[in-house]
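**Q** Those protein sequence lines, which keep their order, are chains H and C. Mapped onto our numbering, the consecutive letters of the first sequence carry residue numbers 1 to 113. Mapped onto our numbering, the consecutive letters of the second sequence carry residue numbers 1 to 115. What follows is a single structure, and I will ask about it in a moment.
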Amino acid sequence: DAKTTQPTSMDCAEGRAANLPCNHSTISGNEYVYWYRQIHSQGPQYIIHGLKNNETNEMASLIITEDRKSSTLILPHATLRDTAVYYCIVRVGSGGSNYKLTFGKGTLLTVNP
Amino acid sequence: DAGVTQSPTHLIKTRGQHVTLRCSPISGHKSVSWYQQVLGQGPQFIFQYYEKEERGRGNFPDRFSARQFPNYSSELNVNALLLGDSALYLCASSLGQGYSNQPQHFGDGTRLSIL
């Protein structure tokens, strides 16, 4: 699975959009981009995933560049409860049976009042 | 609908003992994976099971073993516990083969402390 690079930490003001970047320059054509977050003392929470098109759900939007070498997770109106470690993970999405997720250190997003 | 449930939530053991951790997947999910998360690090893959068969194994010693039952629930067993086994153990479930791009969903884990 391709390696990802994320900033160690970011700050965001409550009510503003939080834009979390992720670089995955060695991504392969069959690899999906997944985003999870982990609030202290809880398990990782799935947020969103995509292959090449931009995706949006009730939690966030995922913007993937045309060359697929980077992506941005957007939380449109950050709240204090969005303070968490955010993980960007690239993984093969089809074929084979090994579905392991390879977590890096993620980005600690702190939402400030 | 219930999410992934894990038991117990907390556990304290001493070195040399063994431990069994349990996981119930989301209803309809046939694949279960186990991860270990040491303080300050991201989760690290241990095992993946699908249809009661091991489909993937991470870089963990043979002291770690797991199994999956006909109802798709799973157990993680760790023998001869070491201080370094102190961690949060996470279980994740997914639909499984044929739905391979679908995400894994995690439980809140079992916090294992070794004294």
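Ideal Cβ placement from N, Cα and C applies to all residues, glycine included. All values derive from a computational prediction rather than experimental measurement.
Under the rule that 16 or more other beta-carbon atoms within 10 Å means buried, what is Phe69/C, buried or exposed?
**A** Walking along the second sequence from the start, residue 69/C turns up at place 69. Answer is exposed; the Cβ neighbour count stays below 16.
**Q** Comparing the C-beta of His49/H with each C-beta of chain C, is any distance below 9 Å?
**A** The count along the first sequence starts at 1 and reaches residue 49/H at position 49. By this cut-off, His49/H is an interface position.
**Q** Suppose the cutoff is 7 Å on Cβ atoms and the five residues either side in sequence are ignored; what does the same chain contact list for Leu109/H look like?
**A** On the first sequence, residue 109/H is found 109 positions in, with the first residue counted as 1. Correct list, in chain order: Met10, Cys12, Ala18, Leu20, Asp82, Thr83, Ala84 and Tyr86.
**Q** Tell me which residue opens and which closes the beta strand (DSSP E) that Asn112/H is part of.
**A** What you label residue 112/H is simply residue 112 of the first sequence in a count that begins at 1. Counting along the chain, the beta strand (DSSP E) containing Asn112/H begins and ends at Thr107 to Asn112.
**Q** Can you tell me which of the three DSSP states Asp108/C falls into?
**A** If you number the second sequence from 1, residue 108/C lands on position 108. Asp108/C: coil per DSSP, three-state reduction.
**Q** Going by DSSP, name the residue or residues bridged to Ser74/C.
**A** One-based indexing of the second sequence puts residue 74/C at position 74. DSSP links Ser74/C through a beta bridge to Cys23/C and Gln68/C.
**Q** Compare the beta carbon distance of Ser93/C and His29/C with 9 Å and say whether it is the shorter of the two.
**A** Residue 93/C sits at position 93 when you count from the first residue of the second sequence. Residue 29/C sits at position 29 when you count from the first residue of the second sequence. Cβ distance < 9 Å, so Ser93/C and His29/C count as in contact.
**Q** Per DSSP, which residues does Thr72/H bridge with? Please list them.
**A** The residue given as residue 72/H occupies position 72 in the first sequence. The partner list for Thr72/H (beta bridge, DSSP) reads Pro21/H and Ile63/H.
**Q** Please report the Cβ distance between Cys22/H and Ser71/H, rounded to the nearest whole angstrom; I am assuming they are in contact, meaning their Cβ atoms lie under 8 Å.
**A** On the first sequence, position 22 is the one that residue 22/H refers to. On the first sequence, position 71 is the one that residue 71/H refers to. Right, their Cβ atoms sit about 5 Å apart.
**Q** Would a C-beta distance cut-off of 9 Å place Thr4/H and Gly104/H closer than the cut-off?
**A** Counting from one through the first sequence, the residue named residue 4/H turns up at place 4. Counting from one through the first sequence, the residue named residue 104/H turns up at place 104. In this structure, Gly104/H lies closer than 9 Å to Thr4/H by Cβ.
**Q** Are there 16 or more other CB atoms within 10 angstroms of the CB of His40/H, so buried, or fewer, so exposed?
**A** As a position in the first sequence, residue 40/H is number 40, starting the count at 1. Flag for His40/H reads exposed.
**Q** In chain C, which residues lie with their C-beta within 8 Å of the C-beta of Lys105/H?
**A** Within the first sequence, residue 105/H is the residue found at index 105, counting from 1. Neighbours of Lys105/H on chain C, chain order: Gln41 and Gly42.
**Q** What are the residues in the region 3–30 of chain H lying within 7 Å of chain C by C-beta distance?
**A** none
**Q** Are the CB atoms of Ile46/C and Ser113/C within a distance shorter than 9 Å?
**A** For this step, residue 113/C is matched to residue 113 along the second sequence. For this step, residue 46/C is matched to residue 46 along the second sequence. No. Outside cutoff.
**Q** Tell me which same chain residues have a C-beta within less than 6 Å of the C-beta of Asn54/H, skipping the five on either side of it?
**A** If you number the first sequence from 1, residue 54/H lands on position 54. Counting only Cβ-Cβ distances below 6 Å, and skipping sequence neighbours, we find Ile63.
**Q** Taking only runs of the beta strand (DSSP E) that begin and end inside the region 25–54 of chain C, which ones reach a length of at least 3 residues, in chain order?
**A** 31–37 and 44–50
**Q** So that I know if they touch, is there some Cβ in chain C lying closer than 9 Å to that of Leu108/H?
**A** As a working note, residue 108/H is residue 108 in the first sequence. For Leu108/H, the answer is no, since every Cβ of chain C falls outside 9 Å of its Cβ.
**Q** Establish whether the CB of Lys69/H and some CB of chain C are separated by less than 9 Å.
**A** Counting from 1 along the first sequence, the entry for residue 69/H is found at position 69. No, Lys69/H lies away from the interface with chain C (no Cβ there is under 9 Å from its Cβ).
**Q** Please list the partners that Tyr86/H has in chain C, where partner means a Cβ-to-Cβ separation under 7 Å.
**A** Residue 86/H sits at position 86 when you count from the first residue of the first sequence. The premise fails here: Tyr86/H is roughly 11 Å from chain C at the closest Cβ pair, so nothing lies under 7 Å.
**Q** Applying the 10 Å Cβ sphere with the 16-neighbour rule, what's the burial state of Pro43/C?
**A** Your numbering for residue 43/C matches position 43 in the second sequence. Result: buried.
**Q** Out of Ala2/C, Arg15/C and Pro25/C, state which residue places its alpha-carbon closest to the alpha-carbon of Leu90/C.
**A** Within the second sequence, numbered from 1, the residue matching residue 90/C stands at position 90. Answer by Cα proximity: Pro25/C.
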